[in-house]
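Undergrad: Residue numbers (UniProt numbering): 1 to 268.
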Amino acid sequence: MGKTSSNTRLPRAKGIDMAAYYAAKECARKVKRIVLPPRNRQIVEEFITILGMKEKFEQHEVPIPNKVVMFGPPGTGKTLTAFYMASRLELPLILVRLDAIIHSHLGETASNVRKIFEYAKATPCVLFLDEFDAIARTRENNDEVKEMARVVNTLLQCLDEFEGDSIFMAATNLETELDNAIWRRFDTKMAYSLPDEAGREQYISLLIGEFGQEEDVRAIASERLAGCSYADMEQIVLKAKRKAIIEDSPLRTAHIDEALAEYQPKTC
Ligand SMILES: Nc1ncnc2c1ncn2[C@@H]1O[C@H](COP(=O)(O)OP(=O)(O)O)[C@@H](O)[C@H]1O
Ligand SMILES: [Mg+2]
1 MGKTSSNTRL PRAKGIDMAA YYAAKECARK VKRIVLPPRN RQIVEEFITI
51 LGMKEKFEQH EVPIPNKVVM FGPPGTGKTL TAFYMASRLE LPLILVRLDA
101 IIHSHLGETA SNVRKIFEYA KATPCVLFLD EFDAIARTRE NNDEVKEMAR
151 VVNTLLQCLD EFEGDSIFMA ATNLETELDN AIWRRFDTKM AYSLPDEAGR
201 EQYISLLIGE FGQEEDVRAI ASERLAGCSY ADMEQIVLKA KRKAIIEDSP
251 LRTAHIDEAL AEYQPKTC
């Protein structure tokens, strides 16, 4: 498995070429700078602890959680958390963009969903369905409505039958669009939001790293980037760092300001 790269298609999983496969080690590389707010960190840690104590839970006949839904605005770390979970559990991540499989072959969506779940049943992994709300989006015509009803039913069935050593994760920006019946199937729910001041400072520190900086850059950048997502902050701070490198100077507030003006984030 060591050779698996981010673009590698699922090995041995005939018929589910719409999924991407990431080995656990690759997942670990991607999450080096993850910032998990305390509440979500606690949820993740507890989840992992429980998986490490399976026998005890079985003794007490308490079911082990295995279905996580993450919801909140774009660029706040939902996809990254799926990589983090895979890395911590030392499982490969199977990433499926639900909107992509719906758009490319709508008529086969239900059977594709089934195939993906069958794969996860046979092979321990973190099965991650991104853009999960795609199943709930309003359809244009009757055939689509019917097919999507079929997809929802298939999903409900697959979620109910989901067992074994794999974990199911789903992410959505629009949790309000998710079918209630589906929502209820998740034993673990994590809300994501734009970073608060502590989150911004922590992330800026990680992004700046050991790079030389003027005093106060961190605090001022954190103020300037209020309202940005983590994804926007990353782009802006890296852009600022590039400017500092070109000038062969430490990172200054002016670099952050210029980068912010150039990047023109939608949210901040
Ligand atoms: N909480 C976070 N901690 C660290 N980096 C983040 C975080 N959220 C987003 N990022 C950065 O933004 C990129 C996109 O984030 P992603 O996890 O795809 O967001 P979402 O799935 O919530 O839209 C990540 O690859 C990472 O570089
Ligand atoms: Mg995402």
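Think of the CB as a built atom: it goes at the ideal place given N, C-alpha and C, for glycine as much as any other residue.
(1) Is the CB-CB distance between Met70 and Met233 below 8 angstroms?
(2) Can you tell me whether DSSP reads Lys3 as helix, strand or coil?
(3) Can you tell me whether Arg97 is buried or exposed? The criterion is at least 16 other CB atoms within 10 Å of its CB, across all chains shown.
(4) Would you mind reading off the limits of the alpha helix (DSSP H) that contains Tyr263?
(5) Look at the alpha carbon of Asn173 and the alpha carbon of Asp143, and state the distance between them as a whole number of angstroms.
(6) With a Cβ-Cβ cutoff of 8 angstroms, do Ala181 and Leu156 count as a contact?
(7) Is Thr76 near ligand 1, in the sense that its beta carbon is under 7 angstroms from a heavy atom of that ligand?
(8) Below 8 angstroms on the Cβ atoms is my guess for residue 279 versus Ala259; work out the distance and round it to an integer in Å.
(9) For Phe57, which residues from the same chain have a beta carbon less than 8 angstroms from its beta carbon, with the 5 sequence-adjacent residues on both sides left out?
(10) Give the range of the beta strand (DSSP E) segment to which Lys67 is assigned.
(11) In the DSSP output, which residue or residues are listed as bridge partners for Tyr22?
(12) For Lys146, name the three-state secondary structure that DSSP assigns.
(13) Sort Thr253, Cys27, Tyr203 and Lys67 by Cα distance to Asp216 and report the nearest one.
(14) When burial is assigned at 16 or more other CB atoms within 10 Å of the CB, is Ser5 buried or exposed?
(15) How would you write the range of the beta strand (DSSP E) that Met169 sits in, first residue to last?
(16) Counting Cβ pairs closer than 8 angstroms, one from the stretch 99-106 and one from the stretch 196-216, do we hit at least three?
(17) Between Arg88, Arg224, Glu46 and Met53, which has its C-alpha nearest Lys32's C-alpha?
(18) Pick from Ile236, Phe47, Arg185 and Glu175: whose alpha carbon is nearest that of Ala268?
(19) Mark Ile167 as exposed unless 16 or more other C-beta atoms lie within 10 angstroms of its C-beta, in which case mark it buried.
(20) Whole-angstrom Cβ separation of Leu91 and Ala19, contact assumed at under 8 angstroms?
(21) Per DSSP, what kind of secondary structure is Leu178 in: helix, strand or coil?
(22) Give the secondary structure of Thr188 by DSSP, where H, G and I count as helix, E and B as strand, and everything else as coil.
(23) So, at 8 angstroms on beta carbons, what are the nonlocal neighbours of Glu163 in its own chain, with the 5 sequence-adjacent residues on each side left out?
(24) Between the C-alpha atoms of Arg41 and Gly77, what's the straight-line distance to the nearest angstrom?
(25) Taking 7 angstroms as the cut-off, does the CB of Ile64 come closer than this to any heavy atom belonging to ligand 1?
(26) Excluding sequence positions up to five away, which residues of its chain have a Cβ less than 8 angstroms from the Cβ of Asp248?
(27) What are the partner residues of Leu127, as DSSP defines its beta bridges?
(28) If you compare alpha carbons, which of Arg185, Ala110 and Tyr119 is closest to Val145?
TA: Reading off the structure:
(1) no
(2) With a pLDDT of only 40 at Lys3, under the threshold of 50, the placement of this residue in the model should not be trusted, and no figure is reported.
(3) buried
(4) Thr253 to Tyr263
(5) 26 angstroms
(6) yes
(7) yes
(8) This structure cannot speak to residue 279, because the chain is shown only from 1 to 268.
(9) Ile50, Pro63 and Ile64
(10) Lys67 to Phe71
(11) Leu93
(12) helix
(13) Thr253
(14) Unreliable placement is indicated for Ser5, whose pLDDT of 44 sits below 50; the coordinate value is still reported in the next sentence. Looking at its Cβ environment, which holds fewer than 16 other Cβ atoms inside 10 Å, Ser5 is exposed.
(15) Ile167 to Thr172
(16) no
(17) Arg88
(18) Note that residue 268 corresponds to Cys in the displayed sequence, not to Ala. Taking only the C-alpha atoms, the option nearest Cys268 is Ile236.
(19) buried
(20) With 8 angstroms as the limit, Leu91 and Ala19 do not qualify as a contact, their Cβ atoms being about 14 angstroms apart.
(21) coil
(22) strand
(23) Asn66 and Lys121
(24) 12 angstroms
(25) no
(26) none
(27) Ile94 and Phe168
(28) Ala110
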